[in-house]
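> Just so we're aligned: 340 in the numbering used here is position 170 of the sequence shown, and the numbers increase by one with no gaps anywhere. Each residue gets a CB set at the ideal place from its N, CA and C atoms; glycine is no exception. All values reported here derive from a predicted model rather than from experimental measurement. The structure follows.
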Amino acid sequence: MNADHDSLQPGEEEALGLTRRWLEQAVIGLNLCPFAKAVYAKQQVRFVYSDATTPEQLIEQLGEELLLLRDTPADQVDTTLLVHPHVLQDFLDYNDFLEQADALVEVLELDGELQVASFHPDYQFADSGPDDIENYSNRAPYPTLHLLREDSVSRAVDAYPDPDSIIERNYATLRELGHAGWKALFPPRDAG
171 MNADHDSLQP GEEEALGLTR RWLEQAVIGL NLCPFAKAVY AKQQVRFVYS DATTPEQLIE
231 QLGEELLLLR DTPADQVDTT LLVHPHVLQD FLDYNDFLEQ ADALVEVLEL DGELQVASFH
291 PDYQFADSGP DDIENYSNRA PYPTLHLLRE DSVSRAVDAY PDPDSIIERN YATLRELGHA
351 GWKALFPPRD AG
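Here's what the structure looks like:
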């Protein structure tokens, strides 16, 4: 029985592979983030698999990754995706955890230098329904903490013609795509 349970838990290869696929097909492919393509093409996105099973283990690893990002030149690693499939599966617990993540940024005196953005398979914006397609702009295959450099974000936003239009454009793209279109981007791996 344990073997069956373990087989349901994604390993590193599966979790990072599906996250890369999501980044390529949804985030870049649908242009949900107009800034992602350049850093991905330059291989400046660090993908990190976390085997943490408790929020305490995850916060420790988040601290390590924040410091690593701080200490690594941006031309080597501009951003990090910390994929943690074994902890904070419940979106409300995950959402509460983000307060701890922000507090850690402050404790490490990285406020204004680094920030943590969030993606989750059940992501839900305030005042939206759980099945609203707009939520999919922040839905990833697994809970994921996105570590960003504030300077990089500022430069990208400053260079973009109308950054305030990104969210509405994303919502329009997702509404046009619909749930069926989203599912078509990610068919079951063993279908066929």
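1. Is the separation between the beta-carbon of L232 and that of A271 shorter than 9 Å?
2. Candidates E230, H349, S324 and E346: which alpha carbon is nearest F205's?
3. Just list the alpha helix (DSSP H) runs in the segment 183-238, keeping only unbroken ones of 4 residues or longer that don't cross its boundaries, in chain order.
4. Considering only the beta carbon of each residue, do S220 and L252 sit closer than 9 Å?
5. Throw me the rounded Cβ distance for the A185 and P255 pair, which I believe falls under 8 Å.
6. Under the assumption that F217 contacts R190 (Cβ atoms under 8 Å), give the Cβ distance between them as a whole number of angstroms.
7. With S335 and N308 assumed to form a contact (beta carbons below 8 Å), what rounded beta-carbon distance in angstroms separates them?
8. According to the neighbour-count rule (16 or more other Cβ atoms, all chains shown, within 10 Å of its Cβ), is P331 buried or exposed?
9. Within a Cβ cutoff of 6 Å, which residues of the same chain sit near Y264, ignoring the five residues on either side of it in sequence?
10. Can you tell me the Cβ-Cβ gap for L284 and E320, rounded? I've got them flagged as a contact below 8 Å.
11. Counting along the chain, where does the beta strand (DSSP E) carrying V257 start and finish?
12. Beta carbon of F267, beta carbon of L228: below 9 Å?
13. Would you mind reading off the limits of the beta strand (DSSP E) that contains H316?
14. By how many angstroms is the C-alpha of L200 removed from the C-alpha of P333?
15. Do Y306 and L280 come within 9 Å of each other at the CB atom, strictly closer than that value?
16. Would you kindly work out how many angstroms separate the C-alpha atoms of A273 and Y293, rounded to a whole number?
Let's see:
1. Residue mapping note: residue 232 aligns to position 62 of the sequence shown, counting from 1. Residue mapping note: residue 271 aligns to position 101 of the sequence shown, counting from 1. Yes, these two residues count as a Cβ contact at 9 Å.
2. In the sequence shown, counting from the first residue as 1, residue 205 sits at position 35. Each of E230, H349, S324 and E346 was checked against the Cα of F205, and the nearest Cα belongs to S324.
3. Uninterrupted alpha helix (DSSP H) stretches at least 4 residues long and entirely within the segment 183-238 occur at 206-211, given in chain order.
4. Here residue 220 refers to the residue found at position 50 of the sequence shown. Here residue 252 refers to the residue found at position 82 of the sequence shown. Their beta carbons are under 9 Å apart, which means S220 touches L252 by this criterion.
5. The residue given as residue 185 occupies position 15 in the sequence shown. The residue given as residue 255 occupies position 85 in the sequence shown. The pair is a contact, with the Cβ atoms about 5 Å apart (cut-off 8 Å).
6. Here residue 217 corresponds to residue number 47 of the sequence shown, with the count starting at 1. Here residue 190 corresponds to residue number 20 of the sequence shown, with the count starting at 1. About 7 Å; that satisfies the 8 Å criterion.
7. Here residue 335 refers to the residue found at position 165 of the sequence shown. Here residue 308 refers to the residue found at position 138 of the sequence shown. Not quite, the Cβ-Cβ distance comes to about 18 Å (not below 8 Å), so this is no contact.
8. Working through the sequence shown from its first residue, we reach residue 331 at position 161. So P331 counts as exposed.
9. Reading the sequence shown from its first residue, position 94 is the one you call residue 264. Here the set comprises L258, H290 and P313.
10. Taking the sequence shown and counting its residues from 1, one reaches residue 284 at position 114. Taking the sequence shown and counting its residues from 1, one reaches residue 320 at position 150. L284 to E320, Cβ: 7 Å. Contact.
11. Walking along the sequence shown from the start, residue 257 turns up at place 87. Per DSSP, V257 belongs to no beta strand (DSSP E) and is neither H nor E.
12. Here residue 267 is taken as the residue at index 97 of the sequence shown, counted from 1. Here residue 228 is taken as the residue at index 58 of the sequence shown, counted from 1. Yes, they are a contact pair.
13. The residue you call residue 316 lines up with position 146 of the sequence shown. Looking at the DSSP string, the run of the beta strand (DSSP E) that includes H316 is T314 to R319.
14. To locate residue 333, count along the sequence shown from 1; it is residue 163. To locate residue 200, count along the sequence shown from 1; it is residue 30. Those two C-alpha atoms are separated by around 16 Å.
15. Residue numbering aside, residue 280 sits at position 110 when the sequence shown is read from its first letter. Residue numbering aside, residue 306 sits at position 136 when the sequence shown is read from its first letter. For L280 and Y306, no; Cβs fall outside 9 Å.
16. Position 103 of the sequence shown, counting from 1, holds the residue named residue 273. Position 123 of the sequence shown, counting from 1, holds the residue named residue 293. The straight-line gap from Cα to Cα measures roughly 21 Å.
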